[in-house]
Amino acid sequence: MPILKFYKLYLSPNRKYVKLLKNLLGFVPNNLMLYRLAFRHRSVAQVVKKGVKNSNERLEFLGDAVLGSVVAEVLFKMYPYEDEGFLTELRSKIVSRINLNQLGYKLGFEQLVEFDKRVINTNRQSSLLGDAFE
79 MPILKFYKLY
89 LSPNRKYVKL
99 LKNLLGFVPN
109 NLMLYRLAFR
119 HRSVAQVVKK
129 GVKNSNERLE
139 FLGDAVLGSV
149 VAEVLFKMYP
159 YEDEGFLTEL
169 RSKIVSRINL
179 NQLGYKLGFE
189 QLVEFDKRVI
199 NTNRQSSLLG
209 DAFE
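Straight run, no breaks: the sequence shown in my numbering ends on number 212.
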């Protein structure tokens, strides 16, 4: 095992977080800050520049577009004789907030998502997982 990976897993102050990510992803990420950002809700974010917060919202925007595009391509290939309306409706169901929340929960995102429990009530927490999935 390379020394940097050993340090991240066993010696780093972030070792618990790194182990959670390793269990989720199957590897130890090199850019830990990117993953921390992806799982940081705006309720715990700080303003870094011109009113922009260091939260997952910008990554969520990008992830939403990528996820929609990938699902659209898969459906386009799976259903070559269906019309645009059918494909759009099916894509919407697949990438719905309910489905993404369930996937986030099944993947264990609740252990990774960072949010202010005083600001976000328990009912809202489930949408945090779907947002992080994007």
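Backbone N, C-alpha and C define an ideal beta-carbon position, used for all residues, glycine too.
Since we're looking at a predicted model, the values are computed, not measured.
Between the options, which has its C-alpha nearest residue i's C-alpha?
i, options, result
"aspartate 209", "Lys195, Gly104, Thr166 and Tyr183", "Tyr183"
"serine 147", "Leu112, Asn132, Lys127 and Leu168", "Leu168"
"arginine 175", "Val149, Leu190 and Leu206", "Leu206"
Using beta-carbon positions only, say whether residue i and residue j come within less than 8 Å of one another.
i, j, result
"glutamate 135", "arginine 120", "yes"
"leucine 165", "leucine 153", "yes"
"glutamate 192", "valine 122", "yes"
"leucine 185", "leucine 102", "yes"
With a CB to CB cut of under 6 Å and the five nearest residues on each side skipped, what residues in its chain are close to residue i?
i, result
"glutamate 138", "Asp209 and Glu212"
Alpha carbon to alpha carbon, what distance is there between residue j and residue i?
i, j, result
"glutamate 162", "valine 106", "40 Å"
"serine 170", "glutamine 124", "32 Å"
"glutamine 180", "glutamate 188", "11 Å"
"methionine 156", "asparagine 132", "38 Å"
If I measure Cβ to Cβ from residue i and keep anything under 7 Å in the same chain, skipping five residues before and after, which residues do I get?
i, result
"aspartate 142", "Glu212"
"valine 197", "Ser121"
For residue i, which residues of its own chain have a beta-carbon under 8 Å away from its beta-carbon, when the five flanking residues on both sides are left out?
i, result
"alanine 150", "Leu165 and Arg169"
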